[in-house]
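Asks:
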Amino acid sequence: MNAPVRTSDHPDEAGSAGAGRPAPDRKLQRRAARRRELFDPELLGIALRRSVLMLDPRTMARNPVMFTVEVGAALTTLVTFQALLGGPGDLAYFAPLTLLLWFTVGFANFAEALAEARGQAQAETLRATREETVARRVTDGREEEVSSELLRAGDVVRVAEGETIPADGEVVEGIASVDESAITGESAPVIREAGGDRSGVTGGTRVLSDEITVRVTAGAGESFLDRMIALVEGASRQKTPNEIALTLVLAGFTLAFLIVTGALPFMASYFHATIDVPTLVALLVCLIPTTIGALLPAIGIAGMDRALSANVLAKSGKAVELAGDVDTLLLDKTGTITLGNRQARRMVAAPGVDEAELARAAALASAADSTPEGRSILELAVELLGGERPRPPAGAEPVAFSAETRVSGVDLPGGGRIRKGAPDAIRRLAKDGGQPVPGEVEEAVTEVAQGGGTPLLVARDARILGVVALEDTLKPGIRDRFARLKGMGLRIVMVTGDNPLTARAIADEAGVDDFLAEATPEQKLAYIRSEQGKGRLVAMMGDGTNDAPALAQADLGVAMNAGTQAAKEASNMVDLDSDPTKLIEVVEIGKQLLMTRGALTTFSFANDVAKYFAIVPAMFYLALPQLQALNVMHLTSPRSAILSAVVFNAIIIPLLIPIALRGVRYRPVGAGALLRRNLLLYGFGGVVVPFVGIKLLDLGLTALGLS
Numbered sequence: 011m012n013a014p015v016r017t018s019d020h021p022d023e024a025g026s027a028g029a030g031r032p033a034p035d036r037k038l039q040r041r042a043a044r045r046r047e048l049f050d051p052e053l054l055g056i057a058l059r060r061s062v063l064m065l066d067p068r069t070m071a072r073n074p075v076m077f078t079v080e081v082g083a084a085l086t087t088l089v090t091f092q093a094l095l096g097g098p099g100d101l102a103y104f105a106p107l108t109l110l111l112w113f114t115v116g117f118a119n120f121a122e123a124l125a126e127a128r129g130q131a132q133a134e135t136l137r138a139t140r141e142e143t144v145a146r147r148v149t150d151g152r153e154e155e156v157s158s159e160l161l162r163a164g165d166v167v168r169v170a171e172g173e174t175i176p177a178d179g180e181v182v183e184g185i186a187s188v189d190e191s192a193i194t195g196e197s198a199p200v201i202r203e204a205g206g207d208r209s210g211v212t213g214g215t216r217v218l219s220d221e222i223t224v225r226v227t228a229g230a231g232e233s234f235l236d237r238m239i240a241l242v243e244g245a246s247r248q249k250t251p252n253e254i255a256l257t258l259v260l261a262g263f264t265l266a267f268l269i270v271t272g273a274l275p276f277m278a279s280y281f282h283a284t285i286d287v288p289t290l291v292a293l294l295v296c297l298i299p300t301t302i303g304a305l306l307p308a309i310g311i312a313g314m315d316r317a318l319s320a321n322v323l324a325k326s327g328k329a330v331e332l333a334g335d336v337d338t339l340l341l342d343k344t345g346t347i348t349l350g351n352r353q354a355r356r357m358v359a360a361p362g363v364d365e366a367e368l369a370r371a372a373a374l375a376s377a378a379d380s381t382p383e384g385r386s387i388l389e390l391a392v393e394l395l396g397g398e399r400p401r402p403p404a405g406a407e408p409v410a411f412s413a414e415t416r417v418s419g420v421d422l423p424g425g426g427r428i429r430k431g432a433p434d435a436i437r438r439l440a441k442d443g444g445q446p447v448p449g450e451v452e453e454a455v456t457e458v459a460q461g462g463g464t465p466l467l468v469a470r471d472a473r474i475l476g477v478v479a480l481e482d483t484l485k486p487g488i489r490d491r492f493a494r495l496k497g498m499g500l501r502i503v504m505v506t507g508d509n510p511l512t513a514r515a516i517a518d519e520a521g522v523d524d525f526l527a528e529a530t531p532e533q534k535l536a537y538i539r540s541e542q543g544k545g546r547l548v549a550m551m552g553d554g555t556n557d558a559p560a561l562a563q564a565d566l567g568v569a570m571n572a573g574t575q576a577a578k579e580a581s582n583m584v585d586l587d588s589d590p591t592k593l594i595e596v597v598e599i600g601k602q603l604l605m606t607r608g609a610l611t612t613f614s615f616a617n618d619v620a621k622y623f624a625i626v627p628a629m630f631y632l633a634l635p636q637l638q639a640l641n642v643m644h645l646t647s648p649r650s651a652i653l654s655a656v657v658f659n660a661i662i663i664p665l666l667i668p669i670a671l672r673g674v675r676y677r678p679v680g681a682g683a684l685l686r687r688n689l690l691l692y693g694f695g696g697v698v699v700p701f702v703g704i705k706l707l708d709l710g711l712t713a714l715g716l717s
């Protein structure tokens, strides 16, 4: 899957992506293109070498099914050598059978090794973007140049236009356009700024304009890029619960067939017949679910690989798998559903209050507010005051905004207080001070909210001075993409700190199923727990520090790469493009992973039926002529039947590798329709294809005189 075109997370980015931006590294682009090719010659060579190394029994023991096949291949090898040295047995039969069993093991290893090689190719591309740079570290107001390798969490660095950001961190001062193409593969620059939820920056990206001050959040060897490299190389990949459960089921089937096969020689002796070891091993290998046993590791690795190809870093295979089962999706409104950066568009003064008085109070309350909204209020106030920029008097104390109080402002010398914030918070302040809320103000709040804007109230002491209207807009195409998510069966819930009227207007415009207004971190957490208590799997997308508890509680937490470090640490997926609609790809990849595993499991068990009809009659029909009735394929001889079944068993594995790595195509259909499709295509096909294949192989072996 190619990485989708990114939806910009800033309204002015399209215009800033023009001339002057350096062309992306062509070498990295070529590597990325090769990485997406399924059978790239370079990757094939790596996978073949790795396949041989994986024959180590300590490695094979991780996969009980294929470990059993390897032990069986080793036994047939010993018997074949005995025949070669003049011992009992048909060397012309034993030798090809032994080679086919080793090919079966080799093909299984090749499938896993190819999946790992593709991941390592991605890691090589990422590693090529990482370089040691000179950082301008700020200590006690002084700058010093140090190697990026010496930076530690908590250090503060300045990065100017044209310089590379030396380490992961958060912007604490300034605003800049940043080229993240080295990480995301997308050429359009993004805006990173102090305050708000787009303050996160990644080491190895480059500042295109202006200057920012960054607080380092990860030292050398601990960066986001380092963790990405380790994850895609597979060093940290663990089996998912579903994968573990399926492995146990396959191990159980293998043990059961092992017991049955071990009893066959005794049964044969009762009928005065003998069964040689290679034939017993061939029967065991053909009856146990070798196909899915061989491809299961590759399917899990490929799931994470496809996620990263969509520019989504999954911190575990479990996260990819869970994406396929999500029922409820919670999305933070600002910066996720909307463009963010709500801008102050107008001010409505309360009766008896001059607009200039309201503007001055709003400016003073926003003087220490570094968020995009705070800056826009200050800019609007300056415009309304004819260029005058009000400044807090000496001794004034700024009051920072918090998710709990939902207000900010300034404490003036002499005890005066100016506050701006959410209407309900300012109403409480007025009520506590014994001041009424003018009806005109309530009408203005309702008007702004019903229009989809966000109203803020401004008050001096307990007296409400008026309303500031903040306006936000939906991200392009968001409604259509939500319709696709709902078509997959997901329930979409918008989470916002806005009042219910504003929340409802945005929710209706975006087309979500429900909304949670005036949400605090505690309320988000409680809502997720409530949904989980109803047996639903919940996904949460967010980018702010106040989203971190909910991201950690959700079954699937997806953080924006542009978001805060706290959000990225709390999540189990990170969207490198910071595109909320990316969850469509994430859900499709998760469902595709589950469908691929289910389809190939169905095929594996189904094709055992055909191999049963090929081998069992061939083994016993001389002693029990009645079993000849089961030889429905009319195979030429017992030898031909067994060799044909083993050849088919070996070659079907590499033939299914493309499906394991690329995945079964996902279609948004119901569970019932999906089950019928799998049973028809992979169940019925899993029976028919081996019958046809084994018969054709039998005819070929007969023509070659090997029957």
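Just so we're aligned, residue 11 is where the sequence shown starts under my numbering, counting upward by one.
Glycine included, every Cβ here is placed at the ideal spot set by N, Cα and C.
As the structure is a prediction and not an experimental result, all values here were calculated from the model.
Taking all protein chains shown into account, decide if Y537 is buried (16 or more other Cβ within 10 angstroms of its Cβ) or exposed.
Replies: That one is buried.
Asks: If P106 and L653 are in contact, beta carbons under 8 Å, what's the gap, nearest whole angstrom?
Replies: With a Cβ gap of about 6 Å, P106 and L653 count as contacting.
Asks: Write down every uninterrupted run of the alpha helix (DSSP H) in the segment 285 to 355 whose length is 4 residues or greater and which is fully enclosed by it, in chain order.
Replies: Whole alpha helix (DSSP H) segments, 4+ residues: 287 to 297, 300 to 319 and 327 to 333.
Asks: Going by the DSSP bridge assignment, what does D189 pair with across the sheet?
Replies: Beta-bridge pairing links D189 to R216.
Asks: Looking at the unbroken beta strand (DSSP E) that takes in A145, where does it start and where does it end?
Replies: V144 to T149 is the extent of the beta strand (DSSP E) around A145.
Asks: Thinking M550 and A564 are a contact (beta carbons under 8 Å), I'd like their distance in whole angstroms, please.
Replies: The pair is a contact, with the Cβ atoms about 4 Å apart (cut-off 8 Å).
Asks: What is the DSSP secondary structure of D585, counted as helix, strand or coil?
Replies: Here D585 sits in strand by DSSP.
Asks: Starting from the C-beta of A406, find all residues in its chain whose C-beta is less than 7 Å away, skip the five residues before and the five after it, and write them out in chain order.
Replies: Once the five neighbours on either side are set aside, the close Cβ partners of A406 are V420, D421, L422 and P423.
Asks: Between the alpha carbons of L290 and T271, how many angstroms are there, rounded?
Replies: Computed Cα separation, rounded: 7 Å.
Asks: In three-state terms, what does DSSP make of D434?
Replies: Three-state result, D434: helix.
Asks: Which of the three DSSP states, helix, strand or coil, is assigned to V619?
Replies: In the structure shown, V619 sits in a helix (DSSP, three-state: H, G or I).
Asks: Going by alpha carbons, who is nearest to E331 out of I387, L480, G567 and I56?
Replies: Minimum Cα distance to E331 is reached at G567.
Asks: If we ignore side chains and look at the alpha-carbon of each, how far apart do L467 and S209 end up?
Replies: So the alpha carbons of these two residues sit roughly 26 Å apart.
Asks: Write down every uninterrupted run of the alpha helix (DSSP H) in the segment 434 to 521 whose length is 4 residues or greater and which is fully enclosed by it, in chain order.
Replies: Listed in chain order, the complete alpha helix (DSSP H) runs (minimum 4 residues) inside the segment 434 to 521 are 449 to 460, 488 to 497 and 510 to 520.
Asks: Among S376, I428, P700 and L109, which has the Cα closest to the Cα of L665?
Replies: Out of S376, I428, P700 and L109, P700 has the C-alpha closest to the C-alpha of L665.
Asks: A329 and M583 look like a contact to me (Cβ under 8 Å); what is the Cβ gap, rounded to whole Å?
Replies: With a Cβ gap of about 5 Å, A329 and M583 count as contacting.
Asks: So for V166, helix, strand or coil by DSSP?
Replies: Strand.
Asks: So if DSSP puts T223 in a beta bridge, which residue, or which two residues, is it bridged to?
Replies: Answer is R168 and E183, bridged to T223.
Asks: Drop a sphere of 10 angstroms on the beta-carbon of N12, count the other beta-carbons inside from all chains shown, and report buried for 16 or more, exposed for fewer.
Replies: Model confidence at N12 stands at a pLDDT of 34, short of 50, so the residue's coordinates are unreliable and nothing is read from them.
Asks: Check whether the Cβ atoms of E183 and A204 sit closer than 7 Å, and answer yes or no.
Replies: Their beta carbons are under 7 Å apart, which means E183 touches A204 by this criterion.
Asks: On a Cα-Cα basis, can you pick out the residue from L340, I669, R607 and R470 that is closest to L547?
Replies: The residue with the shortest Cα to Cα distance from L547 is L340.
Asks: Quick one: grab the DSSP three-state call for L547.
Replies: It is coil, neither helix nor strand.
Asks: Given a cut-off of 7 Å on the beta-carbon distance, is the pair L2 and D618 in contact?
Replies: Because the chain is modelled from 11 through 717, residue 2 falls outside the range shown and cannot be assessed.
Asks: Look up M64 in the DSSP assignment and give the residues it is bridged to.
Replies: In the DSSP output, where bridge partners are listed per residue, M64 has none listed.
Asks: Could you check where the beta strand (DSSP E) with G419 kicks off and where it finishes?
Replies: Element bounds for G419: V417 to D421.
Asks: What number of angstroms, rounded off, separates the C-alpha of Q353 from the C-alpha of L388?
Replies: Between Q353 and L388, the C-alpha separation is close to 10 Å.
Asks: How would you write the range of the beta strand (DSSP E) that M570 sits in, first residue to last?
Replies: Counting along the chain, the beta strand (DSSP E) containing M570 begins and ends at L566 to M570.
Asks: Relative to the alpha-carbon of N509, which residue among V363, G497, P382 and K343 has its alpha-carbon at the smallest distance?
Replies: Of the candidates V363, G497, P382 and K343, the one whose C-alpha sits nearest the C-alpha of N509 is K343.
Asks: Just reading off the beta strand (DSSP E) that S157 is part of, what are its end residues?
Replies: That run of the beta strand (DSSP E) goes R152 to S157.
Asks: Is it a yes or a no for the segment 467 to 487 touching the segment 433 to 440, going by three-plus beta-carbon pairs under 8 Å?
Replies: Yes, the segment 467 to 487 is in contact with the segment 433 to 440.
Asks: Pop quiz: N571 and T78 are said to be a contact at Cβ under 8 Å. What is the actual Cβ separation, rounded to whole angstroms?
Replies: 44 Å between Cβ atoms; not a contact.
Asks: Just to confirm before moving on: does the CB-CB distance between V358 and G487 stay below 7 Å?
Replies: No, these two residues do not count as a Cβ contact at 7 Å.
Asks: Looking at L484: is its Cβ nearer than 7 Å to the Cβ of T606?
Replies: Against a cut-off of 7 Å, the Cβ pair of T606 and L484 comes out as no contact.
Asks: Does the distance from the C-beta atom of A616 to that of V697 stay below 7 Å?
Replies: It is a contact, given that the beta carbons lie within the stated cut-off.
Asks: Here's the rule I'm using: 16 or more other beta-carbon atoms within 10 Å means buried, otherwise exposed. How should Y676 be labelled?
Replies: Y676 is buried by the Cβ-count criterion.
Asks: Using a 10 Å radius around the Cβ and a threshold of 16 neighbouring Cβ atoms, would you call G443 buried or exposed?
Replies: When all chains shown are included, G443 counts as exposed.
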